[in-house]
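Protein chains in written order, with this note's numbering: chain W, 2 to 191; chain Z, 2 to 191. We put the beta carbon where it would ideally sit given N, CA and C, even for glycine. Below you'll find the structure, written out as structure tokens, and then a few comments.
Number of protein chains: 2
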Amino acid sequence: MLCGMAEKKSDRTRAAILAAARERFGADGYERATIRAIAADAAIDPAMVIRYYGSKEKLFAAAAEFDIRLPVFTDVPLASLGETLVRHFLGRWGGDDTLRVLLRTAVTNEVAVDRMRGIFAGQLAPTLRAHALDRPDVRAGLVATQMLGFALCRYILELPPIVHMRDDEVVSWLGPTVASYLTAPAPSQA
Amino acid sequence: MLCGMAEKKSDRTRAAILAAARERFGADGYERATIRAIAADAAIDPAMVIRYYGSKEKLFAAAAEFDIRLPVFTDVPLASLGETLVRHFLGRWGGDDTLRVLLRTAVTNEVAVDRMRGIFAGQLAPTLRAHALDRPDVRAGLVATQMLGFALCRYILELPPIVHMRDDEVVSWLGPTVASYLTAPAPSQA
DNA sequence: CGTGTTTATCAACGCTTGTTGACTTTCAAG
DNA sequence: CTTGAAAGTCAACAAGCGTTGATAAACACG
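Now the structure itself:
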């Protein structure tokens, strides 16, 4: 074809498939999200999904691409570091639903849980390391437990009290916790 | 048969099925845990599973029975309430793997997520209500985010720093957080 | 128009799943 | 021993899955 234009017809369907895949994977998890359903959402033939992405697993790998986009918080005063972090997470999760895809699928899918560990080890931990008082990996892990636990309860389990909290309430409650995990002196063993 | 003994032959297989089901559901999640695999683990015929439990969904409902067994912490000094709670959770999760079953399945299975909400609303929230300063449901919800997030990171995602923490370290770190969620004055909105 | 590549369609495959019904074995009770 | 219910076995079903290959439509370019 030697098509010089940047917009090929196939790119639009590729994108449609990816969008439908993210939605289905995020809503149903890996096993219950069928290629046939994804194709129906994108209004195309199931065979095209395989044609463009090779297999269900490769489609998932593409749909689970995620950049946590943590900025470097060098100019943030130490006192409000926790609040800033929590606010960033809230904003990042409201944007697209890739993290919900990961959270929903990481529980049963090996690829997804590896991706999740990769995000922790490659994106979260290195950034937080700069702000941690000591034992940076443990502190980053503790932050992950609180932030992922909140996402789990709000977006997946949908516990009513957590769903109904306003964003600034969340920041006010979780901010100090995150801050203490990063900067509080390690607690003495009782 | 009119068998007067309490131990019928069928009870042993029923229990074997249930044990195998809990293990498989906990390891693989609802969809990937097949009745055939559960039957193989219990060394019986797949048909028996249906014979005894009716369907896969009913088997799951039986396997996901869970009592969080929260004691009433009336005699616990307020200062160590957080530590006591965290310690109780750690002990409760090490015992059997029913909670791991729920955590793995609640993410994709409607029955499981309902069960999870029921545990929160029927067991956790009522007990914590007695110790919360105000807004008891929000405080109980916050405790749930931290405890479930920890379980997620340790048992499901297996983030290395969290997996390797000793139990008393966990208590020392999470105890103050849980305590603050229950008894600290509600943070002022910035 | 004609030609060749890209894009889409369709029917079918092999496989696994939950579930069922007919059949055989086990075994206590008369 | 005979009888009848309980417990277990086996093969098969209908449905759904991911995936494939042959085939048709769409379309840019000579």
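Which residues in chain W have a C-beta closer than 7 Å to the C-beta of residue i? List them in chain order.
i: Gln-124 (chain Z); result: By Cβ distance, chain W contributes nothing, its closest Cβ being about 13 Å from Gln-124 (chain Z), past 7 Å.
Alpha carbon to alpha carbon, how far is residue j from residue i? Give it in angstroms, no decimals.
i: Met-117 (chain Z); j: Asp-168 (chain W); result: 24 Å
i: Leu-3 (chain W); j: Thr-75 (chain W); result: Reliability fails at Leu-3 (chain W), whose pLDDT of 49 lies under 50, so the model's placement of it is uncertain and no value is given.
i: Leu-100 (chain Z); j: Ala-34 (chain Z); result: 16 Å
i: Val-179 (chain Z); j: Gln-147 (chain W); result: 11 Å
i: Ile-51 (chain W); j: Ala-44 (chain W); result: 15 Å
i: Lys-10 (chain Z); j: Asp-46 (chain Z); result: 15 Å
i: Ala-28 (chain Z); j: Ala-38 (chain Z); result: 12 Å
i: Val-73 (chain Z); j: Gly-123 (chain Z); result: 14 Å
i: Ala-63 (chain Z); j: Leu-125 (chain W); result: 39 Å
i: Asp-98 (chain W); j: Tyr-31 (chain Z); result: 23 Å
i: Leu-175 (chain Z); j: Leu-79 (chain Z); result: 15 Å
i: Ala-48 (chain Z); j: Gly-55 (chain W); result: 37 Å
i: Gly-5 (chain Z); j: Ile-36 (chain W); result: The pLDDT assigned to Gly-5 (chain Z) is 47, lower than 50, so where the model puts this residue is not dependable; a value taken from the coordinates is nonetheless given after this. Distance between the alpha carbons of Gly-5 (chain Z) and Ile-36 (chain W) is about 54 Å.
i: Leu-71 (chain Z); j: Ala-133 (chain W); result: 34 Å
i: Ala-7 (chain Z); j: Thr-14 (chain Z); result: At Ala-7 (chain Z) the pLDDT is 46, less than 50, meaning the model places this residue with poor confidence; the figure from the coordinates comes in the next sentence. Computed Cα separation, rounded: 14 Å.
i: Glu-84 (chain W); j: Tyr-182 (chain Z); result: 16 Å
i: Gly-95 (chain Z); j: Phe-67 (chain Z); result: 14 Å
i: Ser-189 (chain W); j: Glu-24 (chain Z); result: 37 Å
i: Ile-69 (chain W); j: Ala-152 (chain Z); result: 22 Å
i: Val-112 (chain Z); j: Gly-119 (chain Z); result: 10 Å
i: Cys-154 (chain W); j: Phe-26 (chain W); result: 18 Å
i: Val-77 (chain Z); j: Val-77 (chain W); result: 40 Å
Check the Cβ of residue i against every Cβ in chain W and list those closer than 8 Å, keeping chain order.
i: Asp-138 (chain Z); result: Pro-161 and Pro-162
i: Ile-157 (chain Z); result: Ala-107, Val-108 and Val-114
i: Phe-90 (chain Z); result: Here the premise fails: no neighbours, minimum Cβ distance about 12 Å.
Out of the options, which has the shortest C-alpha to C-alpha gap to residue i?
i: Ala-65 (chain W); options: W:Ala-44, W:Thr-14 and W:Lys-57; result: W:Lys-57
i: Phe-121 (chain W); options: W:Leu-134, W:Gly-27 and W:Leu-149; result: W:Leu-149
i: Asp-12 (chain W); options: W:Arg-37, W:Tyr-31, W:Ala-48 and W:Tyr-53; result: W:Tyr-53
i: Ala-20 (chain W); options: W:Leu-129, W:Gly-55, W:Asp-46 and W:Leu-60; result: W:Leu-60
i: Asp-138 (chain W); options: Z:Phe-26, Z:Met-166 and Z:Asp-29; result: Z:Met-166
i: Thr-184 (chain Z); options: Z:Ala-40, Z:Arg-130 and Z:Val-112; result: Z:Arg-130
i: Val-114 (chain Z); options: W:Asp-97, W:Leu-86, W:Leu-79 and W:Tyr-156; result: W:Tyr-156
i: Ala-40 (chain Z); options: Z:Tyr-31, Z:Glu-32 and Z:Ala-22; result: Z:Ala-22
i: Asp-135 (chain Z); options: Z:Thr-14, Z:Pro-186 and Z:Ala-63; result: Z:Pro-186
i: Ser-81 (chain Z); options: Z:Ile-18, Z:Pro-188, Z:Tyr-182 and Z:Pro-177; result: Z:Pro-177
i: Ala-17 (chain W); options: W:Asp-42, W:Val-112, W:Glu-32 and W:Tyr-31; result: W:Asp-42
i: Thr-128 (chain W); options: W:Leu-86, W:Arg-25 and W:Phe-151; result: W:Leu-86
Name the chain Z residues that come within less than 9 Å of residue i, Cβ to Cβ?
i: Trp-94 (chain W); result: Ordered by position in chain Z, no residue passes the 9 Å Cβ test against Trp-94 (chain W), which lies about 14 Å from the chain.
i: Gly-150 (chain W); result: Ala-145, Thr-146, Gln-147, Met-148, Leu-149, Gly-150, Phe-151, Ala-152, Leu-153 and Cys-154
i: Asp-29 (chain W); result: Thr-109
For residue i, go through chain Z and note every residue whose CB falls closer than 7 Å to its CB, in chain order.
i: Arg-33 (chain W); result: Glu-32 and Thr-109
i: Ala-145 (chain W); result: Cys-154 and Leu-160
i: Phe-121 (chain W); result: Leu-160
i: Gly-142 (chain W); result: Cys-154, Leu-160, Pro-162 and Ile-163
Any heavy atom of the ligand NAD within a distance shorter than 8 Å of the CB on residue i?
i: Gly-30 (chain W); result: The ligand NAD is absent from the structure shown, which contains no ligands of any kind.
Note down, in chain order, every chain Z residue with its Cβ under 8 Å from the Cβ of residue i.
i: Met-49 (chain W); result: Near Met-49 (chain W) there are no residues of chain Z at all, since even the closest Cβ is about 25 Å away, more than 8 Å.
i: Pro-177 (chain W); result: Ser-181 and Pro-188
Check the Cβ of residue i against every Cβ in chain W and list those closer than 9 Å, keeping chain order.
i: Arg-118 (chain Z); result: Leu-158, Glu-159, Leu-160 and Pro-161
Inter-stretch contact at 8 Å, needing at least 3 Cβ pairs: the region 101 to 116 of chain Z / the region 90 to 110 of chain W: yes
contact_flag[the region 161 to 177 of chain Z, the region 81 to 101 of chain Z] where n(CB pairs < 8 Å) is 3 or more: yes
Segment contact flag, the region 135 to 150 of chain W with the region 149 to 163 of chain Z, C-beta cutoff 8 Å, min 3 pairs: yes
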